[in-house]
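Engineer: The structure is given below, and queries will be raised subsequently.
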């Protein structure tokens, strides 16, 4: 043998030894995972995410995956943007290490100990839990709690070698022989589609898939590799020894495996919830039956085992199998035979289980009743969902989120209890609610009470209590438009003072001589007074001017008629003696004199009319002003639209024949009128159709063909314009036009009708535009000026929290004609309590997302939030006036009720209001034809000291309201009844709470609020 050949042989032997060694090392690594353990354990040590103060500008959030979407991790950037826009700031945020950021930037899932169970948790103001949602609800808290029978069955089906103890460092994310077989089967499947290709996933990679892969699926080999790498990194978080991790994987899988969805329950995760939803099984009972020490009958154990096994085998197509129990029964029986043959279960258990039917329990499951509504908690949840942009409470409850609400749970509970007592007749009588101006008429059980209490704090007005006695999911405080009567006088008073402050800013800097030369119209009394005051006073400070404006006097006389709201109106006072006196503005709130505030509102309206940029008020004094025609055209257009809206509602959805019949019935039929109607609505039709029309609606007429032809020719659209035809037919011209238009455009919307009728609306008011009667024109111009003035008033009210998009343009708005909401009134009172700064109403002041994850972030209210909407000089003046309402006015029954520990009274002020909402029908002459009571309400909006404020409302809706005669005295008495409870809970001695951005920890079991 040559030397060269020997060398080749030696090299070959050496290469073979190297390959053998490499193969041995690879095989050893496949068995022991030693190298992987070292690498991933080292990697895990660098995967940190400490929480640090302030926002993390380089934060990373997970890609779309069912787990990350459900718990809100994926949407956190959107949530944070929305919360920042609503006045929240990031106080703390997790800061992942550079290595973790790099790992995530490579597309991997963040390696950390994930939660099997999460959900929304709400705390009250002191950290007491008031609401807790956990999904899934039923879970194993440790491996030892899982019945061994269930563990062995799961491993036999999904991951046989997972818990083998021979190699403690083994990587649970990869089972190499199974993976190789899966790859081989997949290759054969590409050649032969009939060849089955089962998956090679371990429990670890399955968990990674259904939690973090898009839609919980493996859609590519690259996605499979991502699952394996991410699961491997997660497996070594506790170090190289994965024994404990592998046991935990069993627990995690059983707790979180997706098992379909069902109406009334939603998505189902984990075997615990699935047993309850699909089979109506108590989780603890099933675990007891499957325990090795169970002494239950074999049949009972077999049924529980079969149901649990059926859920395990259904997981690849749960939505199909769990809705088709016959298919699931067949599949489960097949697995029972395999498990019995392989020795996983005893033959006796196998046979007993096969003999059982899955349907016997499944057919008896029922959707649980909806949870009881708790008004305070529900209001917080609705508010939170709105802030986050989450459209369903179902999704909100599944977020990994702890939020600190502002509610005081014990106070909310006690206030609710006290309010509910007042619906009992005997307790209402004992509480002093039965008597004059209260419940002398009507059943106390028919009254709904609502109480809200707010506390001013840095960054917002905190809702401490929101309680009512309405036993349905409806929010009296914010969800209804209520006639709250004289509480509107508070808004009117504030608007009056705002105008005075505006005039002070305009004129206070001008010399007295210049002010005396100003010619302010007599129709603008507030501005005339302001100029005169500043021209003669030595003290030109805003405080002095506001104080002086409170001494202006208004008559309480109820005998005057007012041109307002499109007609002539009169108003009444609550007490007759009020009509004989003059009252200062300061005295007006104390006795709540209606006519004082009606006259103040008239002055306010006139003030704004003289501020209009169009110089509209000049149109009344100058007959040649070009503004006259502009305002008259606006009036014509507006009134035309009002009529068109009524007519559209009258004819919408009707056929041509039905519209025709309704139109004829709207007038007294004569041949001339019918001919005019017919020629207007069908101008192209011939005389023969007119004859048929006349016979239909005047069956006794004896008109010959000549007479019909004459009618046809005399009343055509060419001979008379629309206004004249309306006059002849004794119908509104626009009604005629609309019926004709709907013949051609039967599907037209009201907006299309209005757009098409612009010319006609002006045409039917030509008499007004061309009239020489200045008085008739002035009347319409005044209506339009009043509407524009009330648009300005509305803008001021909106800035102070008024909730609706328009005001009734009538002086009656000063005494409640435009309605209100208790929450909006409270917001106005909060502005006064905060010295003219409008703060947001806050039900959530701190939030903590994704605790103990790389995505953790905590937010709190920005303590500097708020907008100045009133000069600081106005609130003290208004509060002083409101204090007189309690000291000797309409709320005097509660005077002296709230006292400090030293016996000194706590300042209490407010405004009362009574709403008597009726629907009235009047004759043309103004006589009352009918009257229907719609609702009755009493309200008291109050402030308590310098820290608290709120509302009390009593409300009866529907026809039953006619049985009640209570006034706001009822709500004042209710507050007096609640006073001991409030003083027992509230800290009335100290100042408003200091800013605090630390989320309180739960300190007690969940509190029941209502």
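Numbering (UniProt numbering), first residue to last: 1 to 1010.
Just so you know, even glycine gets a beta-carbon here, dropped at the ideal spot from N, CA and C.
Keep in mind that this is a model prediction, so the values were computed, not measured.
1. Between which two residues does the beta strand (DSSP E) carrying residue 736 extend?
2. Where residue 644 and residue 754 are concerned, what is the direct C-alpha to C-alpha distance, given to the nearest angstrom?
3. For residue 400, collect the residues of the same chain with a Cβ closer than 8 Å to its Cβ; drop the 5 residues on either side in sequence, then sort them by chain order.
4. State yes or no: is the C-beta of residue 723 within less than 8 Å of the C-beta of residue 676?
5. State the beta-bridge partners of residue 553 as determined by DSSP.
6. Apply the 10 Å Cβ neighbour rule to residue 568 and answer buried if 16 or more other Cβ atoms are within range, or exposed otherwise.
7. Buried or exposed for residue 320, going by 16 or more other Cβ atoms inside 10 Å?
8. Check the DSSP bridge columns for residue 562 and list the partner residues they point to.
9. Rounded to the nearest angstrom, what separates residue 337 and residue 364 at their Cα positions?
10. With distances taken between CB atoms, is the gap from residue 431 to residue 977 smaller than 8 Å?
11. Expressed to the nearest angstrom, what Euclidean distance is found between the alpha-carbon atoms of residue 329 and residue 366?
12. What is the DSSP secondary structure of residue 856, reduced to helix, strand or coil?
13. At a cut of 8 Å, does the segment 819-835 reach the segment 47-65 through at least three beta carbon pairs?
14. Tell me whether residue 697 sits in a helix, a strand or coil according to DSSP, three-state version.
15. Go through its chain and collect everything with a Cβ distance to residue 437's Cβ below 7 Å, but skip five positions before and after it.
16. Flag residue 381 as yes if its beta-carbon sits less than 8 Å from any beta-carbon of chain C, otherwise no.
17. List in chain order: all unbroken alpha helix (DSSP H) runs of 4+ residues lying wholly within the segment 255-327.
18. Where in the segment 196-254 do unbroken runs of the alpha helix (DSSP H), each at least 4 residues long, occur, reported from the N-terminal end onward?
19. Comparing alpha-carbon positions, which option in 306, 900, 211 lies nearest residue 269?
20. With 16 as the cutoff for other CB atoms within 10 Å, does residue 715 come out buried or exposed?
21. How many Å lie between residue 558 and residue 392 at the Cα?
22. Give the secondary structure of residue 843 by DSSP, where H, G and I count as helix, E and B as strand, and everything else as coil.
23. Could you compute how far the alpha carbon of residue 360 sits from the alpha carbon of residue 402?
24. Could you tell me the distance, in whole angstroms, from the CA atom of residue 809 to the CA atom of residue 604?
25. Three Cβ pairs or more, each shorter than 8 Å: is that satisfied between the segment 942-958 and the segment 903-916?
26. With 16 as the cutoff for other CB atoms within 10 Å, does residue 342 come out buried or exposed?
27. My guess is that residue 586 and residue 891 are in contact by the Cβ rule of under 8 Å, so how many angstroms apart are they, rounded?
28. Name the two residues that bound the continuous alpha helix (DSSP H) containing residue 724.
29. Quick check on residue 820: does DSSP put it in helix, strand or coil?
30. Measure the alpha-carbon distance for residue 1011 versus residue 441 and round it to whole angstroms.
31. Determine the closest residue to residue 757 out of 639, 262, 685, with distance taken between C-alpha atoms.
32. Which same chain residues, not among the five before or five after residue 2, have their C-beta less than 7 Å away from its C-beta?
33. If contacts are defined as beta-carbon pairs under 8 Å, then residue 697 and residue 674 qualify, I think. What distance do you get, rounded to the angstrom?
34. For residue 864, does the count of other Cβ atoms within 10 angstroms reach 16, so buried, or fall short, so exposed?
35. Below 8 Å on the Cβ atoms is my contact criterion, and I expect residue 237 with residue 111 to pass it. Report the Cβ-Cβ distance as a whole number of Å.
36. Whole angstroms are fine: how far does the CA of residue 346 sit from the CA of residue 1025?
Structural biologist: Put simply:
1. Segment 733-744 is the alpha helix (DSSP H) holding residue 736; no beta strand (DSSP E) there.
2. 7 Å
3. 71, 72, 73, 115, 118, 119, 849, 850, 851, 853
4. no
5. 584
6. exposed
7. exposed
8. 569
9. 27 Å
10. yes
11. 21 Å
12. coil
13. no
14. helix
15. 966, 967, 969
16. Of the protein chains in the structure, only one exists, and it is not chain C.
17. 271-279, 283-290, 298-314, 318-321
18. 203-212, 221-235
19. 211
20. buried
21. 52 Å
22. coil
23. 40 Å
24. 12 Å
25. yes
26. exposed
27. Going by Cβ atoms, the distance from residue 586 to residue 891 rounds to 16 Å, so no, they are not a contact pair.
28. 722-729
29. strand
30. For the chain, the structure presents residues 1 to 1010; residue 1011 sits outside this window and is missing.
31. 639
32. none
33. 6 Å
34. exposed
35. 6 Å
36. The shown model of the chain, from 1 to 1010, leaves out residue 1025, and the question about it has no answer.
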